[in-house]
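In our numbering, the protein residues as written are 20 to 420. Ideal Cβ placement from N, Cα and C applies to all residues, glycine included. First the structure, in the form of structure tokens, and then the observations on it.
Structure, rendered in structure tokens:
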């Protein structure tokens with residue numbers, strides 16, 4: 020409230036009884052009070068109507084010669100400060116609540132995701148990775164996908180990263196990479212990159228197609244120096260059974276990495292196949308193909324266990340077991356058919372049911388293969404009447420055992 024001494028100064032100021040120095044000091048003090056009042060008016064704009072009522076009450080009291088209602092104004096200011104503090108407190112509580120809810124959702128989502136995809140051996144995530152590896156192996160000649168990193172999200176998503184390899188001579192060389200995000204039983208997004216586009220240009224010619232010129236490809240092999248290895252896609256002059264091709268390979272210093280299979284699809288109508296379907300020389304063993312030899316488990320504490328498992332894949336004759344190999348090929352196709360979304364994302368041109376129907380009616384008929392070995396051994400195939408065409412792929416310095 021206003022002191023009696025300050026009121027007396029104001030009376031003398033109005034009557035002109037103050038000295039020049041006292042008048043200047045009072046005017047400076049009045050300017051400060053005016054600045055304080057302006058600041059209060061700015062901070063109190065949220066409730067202007069109540070403040071106006073107080074101002075009107077103050078003016079009325081002054082006109083009537085009564086004291087100004089300072090207590091009422093001070094009370095109103097205190098109420099406003101309490102309201103402002105309450106609002107900020109509510110905002111802080113709301114923000115913290117949102118943060119807590121997000122954290123809880125992430126933890127719960129992570130638990131649900133982990134439960135859905137499973138853990139340990141033969142989990143759902145392992146099956147999806149098997150589908151991805153099989154789709155690549157059946158539609159990309161002499162190409163293997165090796166999964167190297169897996170991480171689970173909290174929105175029922177799982178990220179998988181892997182590298183793509185091919186066999187050239189006695190060496191596995193990296194040719195690209197694949198990253199994919201699984202959303203339940205489908206791929207939400209994927210990115211496949213190749214270190215060199217020639218790795219995906221493998222093509223074959225069907226036996227019933229026109230004869231094609233291969234002299235440039237053979238000449239390329241002849242120009243390679245001694246002590247090199249080569250990879251090549253060879254097309255046959257007739258359709259052969261798997262037994263016939265395996266017997267043809269026996270005794271040669273070569274390896275067949277991939278067999279091209281007749282599917283009866285539209286991609287084979289022109290006699291030139293740029294999107295072949297086939298299977299690798301070594302079967303694609305799946306979870307239920309492996310036999311558990313030994314298994315051990317140790318409990319470290321109430322929540323953590325550790326263990327090991329030794330498994331064995333079926334044995335296979337290098338130049339035989341054609342029925343087992345063909346059965347594995349059909350089984351792999353059937354698995355891809357149970358996961359159409361993943362298969363379509365990685366092998367969009369593969370019509371699984373069409374291939375299965377054709378094989379069921381006609382059996383497994385081979386029209387080509389991918390071979391690798393010493394360059395002079397690959398060049399020796401030029402004398403083979405069953406070779407209709409050859410397409411030379413990657414070459415390397417000697418790495419053959």
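If we require 3 or more residues per run, which beta strand (DSSP E) segments fall completely within the region 199-262? 205-213 and 247-259
So for residue 327, helix, strand or coil by DSSP? strand
In the DSSP output, what is residue 414 paired with across the bridge? 249
Member of 42, 297, 38 and 188 whose CA lies at the smallest distance from the CA of residue 391: Nearest C-alpha to residue 391 among 42, 297, 38 and 188: 188.
Classification of residue 412 by the beta-carbon crowding that lies within 10 angstroms, buried from 16 upward: buried
Supposed contact pair residue 302 and residue 156 - C-beta distance, whole angstroms, cut 8 Å: About 10 Å separates the two Cβ atoms, so there is no contact after all.
Which two residues bound the contiguous alpha helix (DSSP H) that contains residue 346? Run containing residue 346: 341-356, per the alpha helix (DSSP H) assignment.
Okay, do the region 134-154 and the region 105-121 touch, 3+ Cβ pairs below 8 Å being the bar? no
According to DSSP, simplified to helix, strand and coil, what is residue 401? For residue 401, the secondary structure class from DSSP, reduced to helix, strand or coil, is helix.
When DSSP builds the beta bridges, which residues end up paired with residue 197? 181 and 211
Going by C-alpha distance, which of 338, 44 and 414 is nearest residue 242? 414
Using the Cα positions of residue 108 and residue 100, report the straight-line distance between them to the nearest angstrom. 12 Å
Of all the beta strand (DSSP E) runs that stay within the bounds of the region 102-187, which reach a length of 3 or more residues? 163-171 and 176-187
Using DSSP's beta-bridge definition, name the partner residues of residue 313. 329
Where does residue 51 sit, in a helix, a strand or coil, going by DSSP? helix
The region 307-321 in contact with the region 225-239 per 3-pair CB rule at 8 Å: no
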